[in-house]
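*Asks:* Every position in the sequence shown, counted from 1, becomes a number in my numbering once 274 is added. Starting off with a structure, shown below.
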Amino acid sequence: MGRQSEIRLIATTEVPTNWGRFTCHAYQSLDDGEEHVAFALGAVDAADEVLVRVHSECLTGDVFGSWRCDCGAQLHTAMDAIADTGTGVLVYLRGHEGRGIGIGHKMQAYALQDRGHDTVDANLELGLPVDARTYGIGAAILADLGVKRVALMTNNPTKHDDLASFGLEIIRRVPLAVRPLTDNADYLRTKQQRLGHLLDLG
Numbered sequence: 275m276g277r278q279s280e281i282r283l284i285a286t287t288e289v290p291t292n293w294g295r296f297t298c299h300a301y302q303s304l305d306d307g308e309e310h311v312a313f314a315l316g317a318v319d320a321a322d323e324v325l326v327r328v329h330s331e332c333l334t335g336d337v338f339g340s341w342r343c344d345c346g347a348q349l350h351t352a353m354d355a356i357a358d359t360g361t362g363v364l365v366y367l368r369g370h371e372g373r374g375i376g377i378g379h380k381m382q383a384y385a386l387q388d389r390g391h392d393t394v395d396a397n398l399e400l401g402l403p404v405d406a407r408t409y410g411i412g413a414a415i416l417a418d419l420g421v422k423r424v425a426l427m428t429n430n431p432t433k434h435d436d437l438a439s440f441g442l443e444i445i446r447r448v449p450l451a452v453r454p455l456t457d458n459a460d461y462l463r464t465k466q467q468r469l470g471h472l473l474d475l476g
């Protein structure tokens, strides 16, 4: 089992959103000082099963609606599902931009992709890891919120296994189906074929 990450709760407040009124919990990682948030709906500490999305920060996709990835679509689909269920948590992990390489390096990787590299080889060409993310903070936040048993919304088996390695009880995986676009079809195919993501691309 991985070492439990240490976190500090900074603040808790209600935030009205397009998906309803969520309770937002802001946390700080004591390992590196990075700040993260969790948007919770309903009594997540009392539910037998909690619908959860642990989402990696993606400025271009989440904020600006970039079509080069499926991040924004996954974020919105997860929030839709939590709102429909009435109980759930979306943990938003900052510092995960570009699978952990940062926004500047992600732009460099995009430039390489424009010249024919796929998303894996672009990172490697830059001398960077294919995926530098870890999810111990996400597991620690869910534990602090009292979440006991998780229905995890993800297509990424590595994320599932990493969260479970920190002691999170994942009782089932919930696929996040999003519509492929012309601009991200190759990106999604690479995630499926080279990174093992469980995607149905038709």
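Each residue gets a CB set at the ideal place from its N, CA and C atoms; glycine is no exception. As the structure is a prediction and not an experimental result, all values here were calculated from the model.
1) When the Cα atoms are used, what is the spatial distance from residue 282 to residue 317?
2) Have a look at residue 329 and residue 367 and give me their C-alpha separation to the nearest angstrom.
3) What are the boundary residues of the beta strand (DSSP E) that residue 343 is part of?
4) Taking Cβ to Cβ, would you say residue 434 is nearer than 9 angstroms to residue 365?
5) Can you tell me which of the three DSSP states residue 328 falls into?
6) Would you mind reading off the limits of the alpha helix (DSSP H) that contains residue 371?
7) Who are the near neighbours of residue 462 in its chain, counting only those whose CB is closer than 7 angstroms to its CB and skipping five residues on each side?
8) Within the same chain, show all residues whose beta-carbon is closer than 7 angstroms to that of residue 287, passing over the 5 residues directly before and after it, in chain order.
9) With distances taken Cα to Cα, identify the nearest neighbour of residue 355 among 421, 376, 388, 326.
10) Can you list, in chain order, the residues of its chain with a C-beta nearer than 6 angstroms to that of residue 468? Leave out the 5 residues immediately preceding and following it.
11) What are the start and end residues of the beta strand (DSSP E) that includes residue 403?
12) Is there contact between the segment 436-447 and the segment 334-351, where contact requires at least three CB pairs shorter than 8 angstroms?
13) Keeping to the same chain, check which residues put their C-beta closer than 7 angstroms to that of residue 387; ignore five residues upstream and five downstream.
14) With distances taken Cα to Cα, identify the nearest neighbour of residue 314 among 415, 376, 450.
15) Which of the three DSSP states, helix, strand or coil, is assigned to residue 468?
16) Considering only DSSP beta bridges, list what residue 302 is partnered with.
17) For the beta strand (DSSP E) that contains residue 362, what are its first and last residues?
18) Classify residue 393 as helix, strand or coil using the three-state DSSP reduction.
19) Measure from the alpha carbon of residue 400 to the alpha carbon of each residue in 422, 424, 375, then state which is nearest.
*Replies:* On the basis of the supplied data:
1) One alpha carbon belongs to residue 282, the other to residue 317, and they sit about 21 angstroms apart.
2) The alpha-carbon atoms of residue 329 and residue 367 are separated by roughly 6 angstroms.
3) From DSSP, residue 343 is part of no beta strand (DSSP E); its letter is neither H nor E.
4) In this structure, residue 365 does not lie closer than 9 angstroms to residue 434 by Cβ.
5) In this structure, residue 328 counts as strand in the three-state DSSP scheme.
6) Unbroken alpha helix (DSSP H) run through residue 371: 371-374.
7) The beta carbon of residue 462 is closer than 7 angstroms to those of 344, 454, 473, 475 in its chain, skipping five residues each way along the sequence.
8) Take residue 287, set aside five residues on each side of it, and the residues of its chain with a beta-carbon closer than 7 angstroms to its own are 298, in chain order.
9) When each option's Cα is compared against that of residue 355, the closest is 326.
10) Once the five neighbours on either side are set aside, the close Cβ partners of residue 468 are 394.
11) Here residue 403 belongs to no beta strand (DSSP E), and DSSP marks it neither H nor E.
12) Result no; under three Cβ-Cβ pairs closer than 8 angstroms.
13) So the qualifying residues of the chain are 393, 396.
14) Comparing Cα-Cα distances from residue 314 to each of 415, 376, 450, the minimum goes to 415.
15) Note: residue 468 maps to helix in three-state DSSP.
16) In the DSSP output, where bridge partners are listed per residue, residue 302 has 282, 309.
17) Segment 362-367, the beta strand (DSSP E) holding residue 362.
18) Per DSSP, reduced to three states, the secondary structure at residue 393 is helical.
19) When each option's Cα is compared against that of residue 400, the closest is 375.
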